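J.: In terms of my numbering, the sequence shown opens at residue 743 and continues consecutively.
Virtual Cβ for every residue (Gly too), placed ideally from N, Cα, C.
Please read these numbers as outputs of a predicted model, since none were measured by experiment.
Let me begin by handing over the structure; questions about it come next.
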Amino acid sequence: MGKKISELTLKELEQKKKKITGAYIGLGIVMAVACPALIYFAIIQKNYALMVVATGSFISLTPGLTLITQIKKEIKARKTEQH
């Protein structure tokens with residue numbers, strides 16, 4: 743595994759935040775396209791379990807969003823320490 747957030751330099755934190763944010767934006771776009779398609783197929787095929795999968799899949803974004811929030815807090819804390 744990688745270093746803990748507290749062990750990273752400010753520059754590494756900024757890079758990690760940018761990288762994770764970009765990945766989650768890309769994943770969000772893919773999910774925004776896939777979920778309506780799953781809902782459409784669920785209605786057409788009368789397989790309503792697909793609707794649960796489509797709406798529940800957004801929960802998979804939670805860990806990454808939590809990590810981004812933690813990184814932002816660490817960056818803010820370090821910037822206030824420097825001043």
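1) Helix, strand or coil: how does DSSP classify G744 here?
2) Can at least three beta-carbon pairs, one atom from the region 749-763 and one from the region 806-815, be found at a separation below 8 Å?
3) Nearest CA to the CA of R820: which residue from G744, K745, E756?
4) How far does the alpha helix (DSSP H) with T804 in it reach, from first residue to last?
5) How many Å lie between I810 and A774 at the Cα?
6) Around the Cβ of K758, are there at least 16 other Cβ atoms within 10 angstroms (buried) or fewer (exposed)?
T.: Judging by the given coordinates:
1) coil
2) By the C-beta criterion, the region 749-763 is judged to be in contact with the region 806-815, since at least 3 inter-stretch pairs fall below 8 Å.
3) E756
4) Element bounds for T804: 804-824.
5) Roughly 20 Å separates the two Cα atoms.
6) buried
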